Amino acid sequence: MLETQKSFDTKSKYGTLYLVPTPIGNLDDMTFRAVNVLKDADLIAAEDTRNTQKLLNHFEIETKQISFHEHNTVQRIPELLAKLKEGTTIAQVSDAGMPSISDPGHELVVACIKEDVNVVPLPGANAGITALIASGLAPQPFYFYGFLSRKPNEQKDELKKLVNRQETIIFYEAPHRLKKTLKGLVAQFGGSRKAAFCRELTKKHEEFIRGDLDTLTDWANTTEIRGEFVIIVAGNDHPTNHQVDPLKNLTIDQQVNFYVESGLNTNDAIKRVAKHHHLRKQIVYNEFHNINK
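Now the structure itself:
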């Protein structure tokens, strides 16, 4: 179903949700429009009210705040939505950069769209794009990924799915996890893949470290790592479409067990194996249960 939104329709009976980007380090990157929206809003929904209060104090903004973060979305969204439908104007901010980009906000946006509440985004600071254009790697096309999983096995699976992407890839990473993530990148992408570390963007100690993943590993192992990082990785110039069949070299009963261990019940696993091999279900059933013909 087609939906349209006229962001500045004065006939709207509801309030408006403004998505307001905040500086990622340098307060001078706050736009005039962002300051005015925060001043004019009835309420500011902030990821961390203490952090946002410092920003408000700097720009002499006195608008009231309410906390809105990943741990209270279930509680807050109905509350914020009710206020918006009463005509309240709400500005949503994260701690730094764009709301919804590796930060809270998306669920609220979806809820507002569903209820026909206008959502108005403001342009502004974004670490990923800022890093990309100074990385020296191809700026387009690019693929934004953000934070990889902290769990080693899940991160490994994520990187395996990304290894053949031809676009320049943007990752975010915290300083204490940088070495582990770099190790995973080398293991899956190879040490010769070109990349860049973009550290402490817009701040006093902003730094760009460029090279291949091997040389970046050497740098990381000989440097005291501080600050938040954006990792820009070149796309794969020679992607392969070869995918390993997880069922290869497994017996029929082992294949059924593979799907069972993946979460299917036995009957559905048997159906899956039968479909995979274009066999009748009964043949696989008999093989799995060791039933003689």
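Start counting the sequence shown at 1; every next residue gets the next number (UniProt numbering). Glycine included, every Cβ here is placed at the ideal spot set by N, Cα and C. Bear in mind that the values here come from a model prediction, so they are computed numbers and not experimental data.
Grab the span of the beta strand (DSSP E) containing residue i for me, first residue to last.
i: L19; result: 16 to 19
i: T168; result: 168 to 173
i: G146; result: 142 to 147
i: I283; result: Counting along the chain, I283 falls outside any beta strand (DSSP E), though it belongs to the alpha helix (DSSP H) covering 281 to 288.
i: G87; result: Element bounds for G87: n/a, residue is neither H nor E.
Please name the residue in the options whose C-alpha comes closest to that of residue i.
i: T202; options: A220, E228, R193; result: E228
i: Q166; options: E206, V117, I232, A125; result: I232
i: Y18; options: L27, A46, K11; result: A46
i: S7; options: L122, E107, L43, N57; result: L122
i: L178; options: N57, S192, S149, L80; result: S149
i: F258; options: L159, F288, F32, F144; result: F288
i: Q155; options: H176, N164, Q188; result: Q188
i: L38; options: S262, Q92, P99; result: Q92
i: K275; options: L247, D218, G263; result: L247
i: V117; options: T215, R76, I225, L80; result: L80
i: E70; options: I209, G191, D103, S135; result: D103
Under the DSSP definition of a beta bridge, which residues are partnered with residue i?
i: Q92; result: L19, A45
i: V120; result: Y18
i: K194; result: D212
i: R199; result: E207, F229
Around the Cβ of residue i, are there at least 16 other Cβ atoms within 10 angstroms (buried) or fewer (exposed)?
i: K13; result: exposed
i: F142; result: buried
i: E173; result: buried
i: Y1; result: Before going on, a small fix: residue 1 reads as Met here, not Tyr. So M1 counts as exposed.
i: I291; result: exposed
i: F147; result: exposed
i: N221; result: exposed
i: G235; result: buried
i: R199; result: buried
i: T4; result: exposed
i: T251; result: exposed
i: L27; result: exposed
i: R280; result: exposed
i: T16; result: buried
i: A34; result: buried
i: Q65; result: buried
i: G128; result: buried
i: R272; result: buried
i: A82; result: exposed
Output the boundary residues of the alpha helix (DSSP H) element that contains residue i.
i: I113; result: 106 to 114
i: I66; result: Where I66 is concerned, there is no enclosing alpha helix (DSSP H), although the beta strand (DSSP E) it sits in stretches over 65 to 67.
i: L35; result: According to the sequence displayed, residue 35 carries Val and not Leu. 32 to 40 is the span of the alpha helix (DSSP H), which, as asked, contains V35.
i: I291; result: Run containing I291: none; DSSP gives neither H nor E here.
i: A134; result: 127 to 134
i: residue 304; result: Residue 304 cannot be examined here, being either before or after the span of the chain that is shown, 1 to 293.
| field | Completely contained beta strand (DSSP E) runs for the stretch 205 to 271, where each covers 3 or more residues | value | For the stretch 205 to 271, whole beta strand (DSSP E) runs of length 3 or above, ordered along the chain, are 207 to 212, 229 to 233.
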